[in-house]
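Read the structure below first, then the notes.
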Amino acid sequence: MPLRRVPLGVADDRLLGGLDLAATLRGGSPVAQQGLLSEADGGVLELAMAERLQPGAAARVAAALDTGEALLERDGLAARLPARFGVVALDEGLEEEAPPGVLTERLGFHLDLSGLSLRDLAQAPLDAAAVAEARRLLPQVAAADEVLSALCATAVALGIASLRAPLQAVAAARAAAALDGRTAVSQEDATLAAALALAPRATRLPPVAPDDEHEEEAEAPEDPPAPPDPPDEQSRDPESDEGEPDLSDKVLEAAAAAIPRGLLEKLRLAGGGPRGAQTSGSAGAAKTAFRRGRPIGVRAGRPGGGQRLNLVETLRTAAPWQPIRRKEGAGPRVEVRAEDFRITRFKQKSETATLFAVDASGSAAFARLAEAKGAVELLLADCYVRRDQVALLAFRGVAAELMLPPTRSLVRAKRALAGLPGGGGTPLAAGIEAATALAVQLRQRGIAPTLVFLTDGQANIARDGQPGRPQARADAEAAAKRLAAAGLTALLVDTSVRPNEKARSLAGLMDALYLPLPQADAKKLNAAVRATLAT
Amino acid sequence: MSTLKTGAGTAASRPARPVFPFPAIVGQEEMKQALLICAVDPGIGGVLVFGDRGTGKSTTIRALAALLPEQTVIVGCPYGCAPEAPQGLCPVCAPEHDTGHKPRSAKVPVPVVDLPLGVTEDRVVGALDLEKALAHGEKAFEPGLLARANRGFLYIDEVNLLEDHIVDLLLDVAASGENLVEREGLSVRHPAKFVLVGSGNPEEGELRPQLLDRFGLSVEVTTPEELDTRIEVVRRRDAFERDPAGFLEVWDKEVAKLRRRIVAARKKLAGVAVPEPAYRRAAQLCIALGTDGLRGELTLVRAARALAALEGKAEVSDEQLRCIAPSALRHRLRRDPLDEAGSGVRVTRALEEVFAA
Chain Y
93 MPLRRVPLGV
103 ADDRLLGGLD
113 LAATLRGGSP
123 VAQQGLLSEA
133 DGGVLELAMA
143 ERLQPGAAAR
153 VAAALDTGEA
163 LLERDGLAAR
173 LPARFGVVAL
183 DEGLEEEAPP
193 GVLTERLGFH
203 LDLSGLSLRD
213 LAQAPLDAAA
223 VAEARRLLPQ
233 VAAADEVLSA
243 LCATAVALGI
253 ASLRAPLQAV
263 AAARAAAALD
273 GRTAVSQEDA
283 TLAAALALAP
293 RATRLPPVAP
303 DDEHEEEAEA
313 PEDPPAPPDP
323 PDEQSRDPES
333 DEGEPDLSDK
343 VLEAAAAAIP
353 RGLLEKLRLA
363 GGGPRGAQTS
373 GSAGAAKTAF
383 RRGRPIGVRA
393 GRPGGGQRLN
403 LVETLRTAAP
413 WQPIRRKEGA
423 GPRVEVRAED
433 FRITRFKQKS
443 ETATLFAVDA
453 SGSAAFARLA
463 EAKGAVELLL
473 ADCYVRRDQV
483 ALLAFRGVAA
493 ELMLPPTRSL
503 VRAKRALAGL
513 PGGGGTPLAA
523 GIEAATALAV
533 QLRQRGIAPT
543 LVFLTDGQAN
553 IARDGQPGRP
563 QARADAEAAA
573 KRLAAAGLTA
583 LLVDTSVRPN
593 EKARSLAGLM
603 DALYLPLPQA
613 DAKKLNAAVR
623 ATLAT
Chain A
2 MSTLKTGAGT
12 AASRPARPVF
22 PFPAIVGQEE
32 MKQALLICAV
42 DPGIGGVLVF
52 GDRGTGKSTT
62 IRALAALLPE
72 QTVIVGCPYG
82 CAPEAPQGLC
92 PVCAPEHDTG
102 HKPRSAKVPV
112 PVVDLPLGVT
122 EDRVVGALDL
132 EKALAHGEKA
142 FEPGLLARAN
152 RGFLYIDEVN
162 LLEDHIVDLL
172 LDVAASGENL
182 VEREGLSVRH
192 PAKFVLVGSG
202 NPEEGELRPQ
212 LLDRFGLSVE
222 VTTPEELDTR
232 IEVVRRRDAF
242 ERDPAGFLEV
252 WDKEVAKLRR
262 RIVAARKKLA
272 GVAVPEPAYR
282 RAAQLCIALG
292 TDGLRGELTL
302 VRAARALAAL
312 EGKAEVSDEQ
322 LRCIAPSALR
332 HRLRRDPLDE
342 AGSGVRVTRA
352 LEEVFAA
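Rendered as C-alpha cells:
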C-alpha cells in the first residue's frame with residue numbers, strides 16, 4: 093500500500109505531476125512524471141503540518157478526494173489518473189492555527205491525540221485479514237432509515253452545518269458494522285460513528301435535557317479515553333433505565349459525551365468555526381507579490397522591472413523545443429528564446445503602504461498646514477526606512493485630489509508635499525471617501541494600507557460639493573463609518589489649534605487612533621504611527 | 002514513475018465514475034434553476050455558485066454533465082464544431098468547409114471540462130504539441146482546455162483560488178468567444194464559446210471583480226436547515242454510494258424527463274416573446290439597485306426568457322423576472338459595507354418596491 097508524504101510548500105509539479113524532463117529528453121518523446129496524488133492511489137496521503145498547508149494545495153487534495161482522480165493539465169500533458177487515497181492530516185498547530193477548511197471539511201475523523209503516549213498504541217486492534225473481510229462485506233451493509241435520521245438529528249443538535257458530516261458518519265457506521273462481521277448497522281455502530289465523526293466538529297452543546305442522568309454523562313470526557321471507548325459505556329447506560337429511549341437521543345448522547353474537552357471554549361474564543369475560517373481568507377496576508385519574499389514557483393514573463401530570471405526553469409522550458417529550433421536554423425547548441433523566459437514568483441507576508449490624507453483647506457488647518465507638512469515629512473522618512481509605499485491625498489475646495497499615487501520614492505513624496513497648495517473649503521467626506529477607496533484598492537493588490545488623516549474635522553463642504561456645515565458633517569460621519577466598516581487601520585491627527593471634539597468623535601467613528609497635533613512633537617507622532625502600523 | 006500519453010484525447014470529457022443524477026439532488030432550487038437556464042441559453046454567460054461547504058455545489062454541477070442532451074459535432078474537429086453551422090473561426094473545419102465536402106458528423110456528450118487548480122497556461126490555451134515536436138521536430142498546435150470546452154461548459158471548482166494569470170486568460174476568451182494563441186511560434190485562432198461555471202467558498206477569498214462580472218448568474222447556496230430535508234439528502238446519497246447502478250436506474254426516468262424539457266425549451270426559446278412591460282420592469286429594477294452598466298438588464302431579460310421557455314410559457318411575465326432577479330443581479334450591486342443585509346436581501350427588497358408599484 094503506497095504511503096506518500098506531502099511536504100509543506102509542495103510545488104505543483106510534485107503534487108499533481110508534470111513533465112519528466114530528463115526522461116523526456118532521453119526518450120525523445122514526452123514522459124510524464126506522476127504526482128503525489130496519483131502515486132498515493134490505493135493508499136494513504138500524509139499531510140504533515142497541515143495547519144500550515146496552503147489553501148491552494150489543500151484545494152487540490154480536496155478535489156482529488158471528491159472525484160477519486162487526479163486531473164493533470166500541465167506542461168502540455170493531459171491525463172486523468174486514479175487517485176483514491178485516504179488522507180491523514182497531522183495538525184500540529186497552536187491555538188489559532190488550523191488546517192484549511194476546504195480539507196478538514198472532507199476528513200471523516202478528527203482525533204485529538206494529546207494526552208496519549210506511544211504505549212497506549214502498542215496493540216494494533218486490527219489485522220489485515222479482518223480489514224479485507226470487512227471490505228468484502230461492506231457493500232452489503234445496510235443502514236436503517238432510523239440510523240440515518242439519528243445521525244442527521246445529532247449533527248443538527250451539535251450545530252454542524254455541513255451535510256458531509258452526517259454522510260461521513262453513515263459511512264463510518266457501515267464500516268464499523270462490516271468490521272464486526274454484520275450486514276446491518278446496529279445502534280452501537282451509530283453511536284460509535286457519532287462519537288468519531290460528529291462530536292469533534294460540534295459547534296455547540298446539544299440542548300440539555302433536564303434529567304440527572306445527563307450530569308453523569310457530562311463527566312465522561314473528563315477521563316481521556318481512546319476515542320472508541322465512550323460509546324461502549326454510553327450504549328449500556330441509557331438502556332439500563334426506563335424503557336427504550338429514541339435512537340436519536342442515544343446517538344446524540346454518545347456524541348455529546350465524546351466532544352473533546354475545551355473545544356467549545358476554543359470556539360467561543362475564536363468566535364467562529366473550529367476550522368480557522370479566518371486564517372485563510374484575509375486578502376492581504378498571503379497575496380503574491382513579485383518583488384520580495386519566499387519563492388512560490390515560476391511563471392512565464394520577461395525579467396526586468398524587479399523580476400528575476402529563473403535560469404533553471406528557463407532552460408527546462410526551452411529544452412523540449414530544441415529539435416524544432418535546430419531544424420529552423422542552425423543556431424547555437426541550445427537555443428533559448430524570449431518565450432522560454434521564466435521568472436520566479438515570490439510570496440511575502442504583506443507589503444505595506446501609508447496613505448496620507450491631508451486637509452489643505454482654508455479653515456483652521458490653514459494656519460497649521462506648514463506644521464502638518466512637517467509632521468508628514470517626518471513620517472515619510474520613517475516609511476522609507478520600513479520600505480513602505482506612501483501616497484499623498486489632499487482635500488480642499490470641493491474635492492479630494494491624489495497628489496501622489498503610491499510610491500516608494502521619498503524624493504517624489506517630499507516634492508509633492510512641498511508643492512501642496514492650501515485654501516478653500518473642507519470637503520472632508522470626499523477626502524475620507526477617496527482615501528478609503530484607495531486603501532481598499534491597495535488591499536486588493538495584497539498591500540496592507542494604513543491611513544493617516546491630518547485634519548481639524550471642521551467639514552463645511554457636503555459630498556455633493558455644496559457648502560453647508562450640518563450636511564457636510566453628516567456626510568463626513570457616514571464616510572468615516574464606512575471606513576471603519578471596511579476594516580482599515582487609521583490614525584487621525586487633529587491639526588486644529590486646540591484639540592476639538594469634532595475631530596475626536598470623527599476618529600471614534602473611523603475606529604482610528606486620535607492624536608492631537610498640538611502636543612505632538614515629532615517623536616510622539618512618529619511613535620503613534622509606528623504603534624498603529626504594528627497592529 | 003510511469004509514462005503517460007500526452008494530449009487531450011486521453012482525458013475523457015465525461016468522468017468514468019457514475020455521477021449522481023441531477024433530479025435526485027434535494028433542494029438547492031436556485032442553483033439547479035440557474036444551471037438549467039444556462040443549459041437552455043448558453044449565451045447567458047455562466048453561473049457562479051458561492052456558499053457553505055458540503056452543500057452539494059460540485060455534485061450538482063457534475064450532475065449537469067450527465068443530464069445534458071448530446072450534441073452533433075463534426076468528426077475529427079478538436080473544437081467540436083457543429084456541422085450545420087461551422088463557425089468560420091475553426092482552423093480545422095473552415096478549409097474543409099470551403100472545399101464543399103459534407104463533413105461526417107456524430108452525436109457526442111456535451112463537454113463539461115474541469116479546469117483544475119494548478120493548471121498551466123499552455124494547457125488552458127493550447128500550445129505546441131510536445132510529442133510531435135520531440136519525435137518529429139514538427140510544429141503542431143495541441144488544443145487546450147478552452148478548445149475542449151467549446152460549445153460546452155468550463156467548470157472551475159474553488160474558483161477564488163485560481164491563480165491570477167489563469168484568470169486573465171479566461172477573462173479575455175470568455176468575453177470574445179474565441180481563443181487567440183500566439184506563442185512558441187504558433188499563431189492559432191479558434192472558437193471557444195463556453196458556459197463558465199465556477200464554485201467556491203467565500204471564506205477562501207473574494208473573487209476578482211472582473212471575473213465576477215463575467216458570470217451571468219450568481220447563486221448563493223446554504224445548507225438546508227430542516228431536519229427532514231437533511232435526512233433525505235443523506236438517505237439518497239447513501240443509497241447512491243451503496244449501489245450506484247441501481248440508484249441511477251431508479252432515477253433514469255426523471256433524468257430523461259428533465260432532458261426532454263431542456264430540449265423542448267431550447268426549441269421554444271427563440272419564440273418566447275418579451276413584452277414591453279417586462280423590459281420596463283427589468284430596467285426599473287436595475288435602476289432601483291443602481292447596477293453598473295446595462296449587462297444587468299440584458300442578463301435579467303435573457304434569463305427570464307430562458308426560464309419562460311423551460312416552463313413552457315409563450316412570453317415573459319413578472320413571475321419569471323421575480324424568480325430570476327436575485328440570481329441575475331446580486332453580484333452586480335455596488336458594495337455598501339454599511340448595509341449589513343446580504344446582496345440577495347437587497348435585491349428582494351428592490352423587487353418588492355418595483356413590483357408593488
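Taken in order, these protein sequences are the chains called Y and A. Here the first sequence stands for residues 93 to 627, numbered as in the numbering used here. Here the second sequence stands for residues 2 to 358, numbered as in the numbering used here. C-beta atoms are modelled at their ideal positions from N, C-alpha and C, and glycine is treated no differently.
Would a check of beta-carbon distances place residue i closer than 8 Å to chain Y?
{"i": "Ala148(A)", "result": "no"}
{"i": "Thr224(A)", "result": "yes"}
{"i": "Asn180(A)", "result": "no"}
{"i": "Ser318(A)", "result": "no"}
{"i": "Glu132(A)", "result": "yes"}
{"i": "Glu122(A)", "result": "yes"}
{"i": "Leu68(A)", "result": "no"}
{"i": "Val235(A)", "result": "yes"}
{"i": "Thr300(A)", "result": "no"}
{"i": "Asn202(A)", "result": "yes"}
Between which two residues does the beta strand (DSSP E) holding residue i run?
{"i": "Ser188(A)", "result": "187 to 192"}
{"i": "Leu166(Y)", "result": "Checking the sequence, you will find Arg at residue 166(Y) rather than Leu. Here the beta strand (DSSP E) through Arg166(Y) covers 161 to 166."}
{"i": "Val50(A)", "result": "48 to 52"}
{"i": "Ala107(A)", "result": "106 to 109"}
{"i": "Val102(Y)", "result": "Val102(Y) -> no beta strand (DSSP E), and no H or E assigned at all."}
For residue i, which residues does DSSP report across the bridge?
{"i": "Ser254(Y)", "result": "Ser254(Y) pairs with nothing; no bridge assigned."}
{"i": "Ile325(A)", "result": "DSSP output for Ile325(A) lists no bridge partner at all."}
{"i": "Leu484(Y)", "result": "Phe448(Y), Leu496(Y)"}
{"i": "Tyr606(Y)", "result": "Leu584(Y)"}
{"i": "Thr547(Y)", "result": "Asp586(Y)"}
{"i": "Pro174(Y)", "result": "Glu161(Y)"}
{"i": "Gln146(Y)", "result": "Answer is none; Gln146(Y) lacks a bridge partner."}
{"i": "Asp338(Y)", "result": "In DSSP, Asp338(Y) forms no bridge with anything."}
{"i": "Tyr280(A)", "result": "BP columns for Tyr280(A) are empty, so no partner."}
{"i": "Tyr156(A)", "result": "Asp115(A), Val198(A)"}
{"i": "Thr73(A)", "result": "Lys108(A)"}
Tell me, please, whether the CB atom of residue i is closer than 8 Å to any CB atom in chain A?
{"i": "Pro231(Y)", "result": "yes"}
{"i": "Asp333(Y)", "result": "With a pLDDT of 40 at Asp333(Y), under the threshold of 50, the predicted position of this residue should be treated as unreliable, though the coordinate-derived value follows. No, no contact with chain A."}
{"i": "Thr116(Y)", "result": "yes"}
{"i": "Lys419(Y)", "result": "yes"}
{"i": "Ala151(Y)", "result": "yes"}
{"i": "Val544(Y)", "result": "no"}
{"i": "Gln539(Y)", "result": "The residue asked about is misnamed: residue 539(Y) is Ile in this sequence, not Gln. Ile539(Y) does not count as touching chain A."}
{"i": "Gly514(Y)", "result": "no"}
Between the options, which lies nearest to residue i when the distance is taken from Cα to Cα?
{"i": "Leu496(Y)", "options": "Val482(Y), Val153(Y), Pro608(Y)", "result": "Val482(Y)"}
{"i": "Ala299(A)", "options": "Leu290(A), Leu311(A), Ala283(A), Glu312(A)", "result": "Checking the displayed sequence, the identity of residue 299(A) turns out to be Leu instead of Ala. Among Leu290(A), Leu311(A), Ala283(A), Glu312(A), the Cα nearest to that of Leu299(A) is on Ala283(A)."}
{"i": "Ala576(Y)", "options": "Arg296(Y), Gln125(Y), Thr542(Y)", "result": "Thr542(Y)"}
{"i": "Gln279(Y)", "options": "Pro258(Y), Leu271(Y), Cys244(Y), Ala235(Y)", "result": "Ala235(Y)"}
{"i": "Thr136(Y)", "options": "Tyr606(Y), Arg96(Y), Ala270(Y), Phe448(Y)", "result": "A small correction: the amino acid at residue 136(Y) is Val; Thr does not occupy that position in the sequence shown. The residue with the shortest Cα to Cα distance from Val136(Y) is Arg96(Y)."}
{"i": "Asp165(A)", "options": "Leu187(A), Ala193(A), Arg209(A)", "result": "Arg209(A)"}
{"i": "Leu520(Y)", "options": "Pro498(Y), Gln536(Y), Ala566(Y)", "result": "Ala566(Y)"}
{"i": "Val198(A)", "options": "Gly153(A), Ala134(A), Glu183(A), Ile232(A)", "result": "Gly153(A)"}
{"i": "Ile232(A)", "options": "Phe21(A), Pro19(A), Val27(A), Arg18(A)", "result": "Val27(A)"}
{"i": "Gly110(Y)", "options": "Arg118(Y), Ala150(Y), Leu169(Y)", "result": "Leu169(Y)"}
{"i": "Asp341(Y)", "options": "Ala282(Y), Val390(Y), Gly207(Y), Ala181(Y)", "result": "Ala282(Y)"}
Mind checking which residues open and close the alpha helix (DSSP H) that includes residue i?
{"i": "Pro562(Y)", "result": "561 to 577"}
{"i": "Leu195(Y)", "result": "193 to 196"}
{"i": "Arg363(A)", "result": "In the structure as shown, chain A begins at 2 and stops at 358. Residue 363(A) is therefore absent and cannot be evaluated."}
{"i": "Asp165(A)", "result": "165 to 177"}
{"i": "Gln536(Y)", "result": "520 to 536"}
What distance in whole Å lies between the Cβ atoms of residue j and residue i, which are believed to be in contact at a cut-off of 8 Å?
{"i": "Asn161(A)", "j": "Glu221(A)", "result": "At roughly 14 Å, the Cβ-Cβ gap does not stay under 8 Å, so Asn161(A) and Glu221(A) are not in contact."}
{"i": "Ala66(A)", "j": "Val20(A)", "result": "7 Å"}
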